[in-house]
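Position 239 (the sequence shown) corresponds to 392 in our numbering; numbering is contiguous. Reviewing the structure listed below.
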Amino acid sequence: MQQPISTPLSAIAPRATDAGAAAARYAVLRRLAPALKHDMVVHLQSVAMMAEVMSARMDKGEADTVELQNSVSRMNRLARQAVLACLKVTEWIDPAADESVRLSDGVQESYALLQSSLNFRGFSVHNAVAPSDFEVSRVALRNLLPAALLGLADAAHSTCKLTLEAQMAPDSVRLSIYCAEHIPAAIQNGADLPQPRLHWADVQALADLESVGLEVSEHRISMRFPRMVPTTALQIAPV
Numbered sequence: 154m155q156q157p158i159s160t161p162l163s164a165i166a167p168r169a170t171d172a173g174a175a176a177a178r179y180a181v182l183r184r185l186a187p188a189l190k191h192d193m194v195v196h197l198q199s200v201a202m203m204a205e206v207m208s209a210r211m212d213k214g215e216a217d218t219v220e221l222q223n224s225v226s227r228m229n230r231l232a233r234q235a236v237l238a239c240l241k242v243t244e245w246i247d248p249a250a251d252e253s254v255r256l257s258d259g260v261q262e263s264y265a266l267l268q269s270s271l272n273f274r275g276f277s278v279h280n281a282v283a284p285s286d287f288e289v290s291r292v293a294l295r296n297l298l299p300a301a302l303l304g305l306a307d308a309a310h311s312t313c314k315l316t317l318e319a320q321m322a323p324d325s326v327r328l329s330i331y332c333a334e335h336i337p338a339a340i341q342n343g344a345d346l347p348q349p350r351l352h353w354a355d356v357q358a359l360a361d362l363e364s365v366g367l368e369v370s371e372h373r374i375s376m377r378f379p380r381m382v383p384t385t386a387l388q389i390a391p392v
């Protein structure tokens, strides 16, 4: 059986510069862009469609005052949801450096964005990270976890089941991703792969930037995140 990972640990580049980490982060955002765009557009499309329906009914003289008020209220709720979605997307582009997140919640954020694209390529993802109050840096997790998942998929010789699991210690957590249960499917090669590709040097550069321990073996990648104590003030979402 072919090995799932084509790049051994010894091939990982030496510690990269900040410029290398910035390039790696840009590559991750490029790969996340379709999902982030969808999260923004889906709510805006709903508002636009409802506005078109209201306009058509008004032109025909079919809408009464009560119906208009109800439609405006629904549009208002959808507009608020659209604002929240756009704010969440901007947090991926310009994150708060001192913001923390529960590990399980942060893993779910990244997993949800990548699930469709990985499934389309023939990979399945199993999130075995149990809910807990353990918090880590949101920026570090958002930088490293998508890069690790994409790096594993890009380096794979065959599609497989990617499993995420966490082992917690008092002051840190070891978040691992490993390939198992190889899935018979045609694997994309060369120019057919999503671009830009994520390499182990990119993951290493991001790990260095965020002071996250990184271990890569033939079938597994592990990241050790330090516990983060929340310091940011409570943020009130727009209503």
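Glycine is no exception: its CB is placed at the ideal position from the N, C-alpha and C atoms.
Residue i CB to nearest heavy atom of the ligand HEM below 6 Å
| i | result |
| --- | --- |
| D361 | Among the components of this structure there are no ligands whatsoever, and the ligand HEM is therefore not found. |
Contact under 7 Å by Cβ, residue i with residue j
| i | j | result |
| --- | --- | --- |
| S311 | H335 | yes |
| S290 | M381 | yes |
| A238 | M193 | yes |
| L351 | A300 | yes |
| A309 | L271 | no |
| A174 | L359 | yes |
| L297 | M376 | yes |
| L189 | A235 | no |
| D372 | C332 | It should be noted that the sequence gives His, not Asp, for residue 372. Taking 7 Å as the Cβ cut-off, H372 and C332 qualify as a contacting pair. |
| M228 | V200 | yes |
| A232 | V292 | no |
Exposed unless 16 or more other CB atoms sit within 10 angstroms - verdict on residue i
| i | result |
| --- | --- |
| F273 | exposed |
| L302 | buried |
| I246 | exposed |
| Y179 | exposed |
| R184 | buried |
| R295 | buried |
| A177 | buried |
Spatially closest choice to residue i from the options, by CA coordinates
| i | options | result |
| --- | --- | --- |
| F287 | G275, S253, L298 | S253 |
| D258 | H191, D171, A354, A319 | A319 |
| T316 | H191, L367, I374 | I374 |
| P187 | P347, V369, W353, E368 | P347 |
| L328 | G366, S269, D171, E244 | G366 |
| R191 | S269, A354, I330, S277 | The sequence as given places His at residue 191; Arg does not occur at that position. The shortest Cα separation from H191 among S269, A354, I330, S277 belongs to S269. |
| P248 | L182, R230, I330 | L182 |
Rounded Cβ spacing between residue i and residue j (contact assumed at less than 8 Å)
| i | j | result |
| --- | --- | --- |
| V282 | V260 | 5 Å |
| V399 | G275 | Here the chain covers residues 154 to 392 and nothing more, so residue 399 does not appear. |
| M203 | S226 | Actually they are not in contact, since the Cβ atoms of M203 and S226 sit about 11 Å apart, beyond 8 Å. |
Exercise. Is the stretch 199-218 in contact with the stretch 249-265, if contact means three or more CB pairs nearer than 8 Å?
Worked result: no
Exercise. Any contact of the stretch 319-327 with the stretch 373-380, i.e. 3+ C-beta pairs under 8 Å?
Worked result: yes
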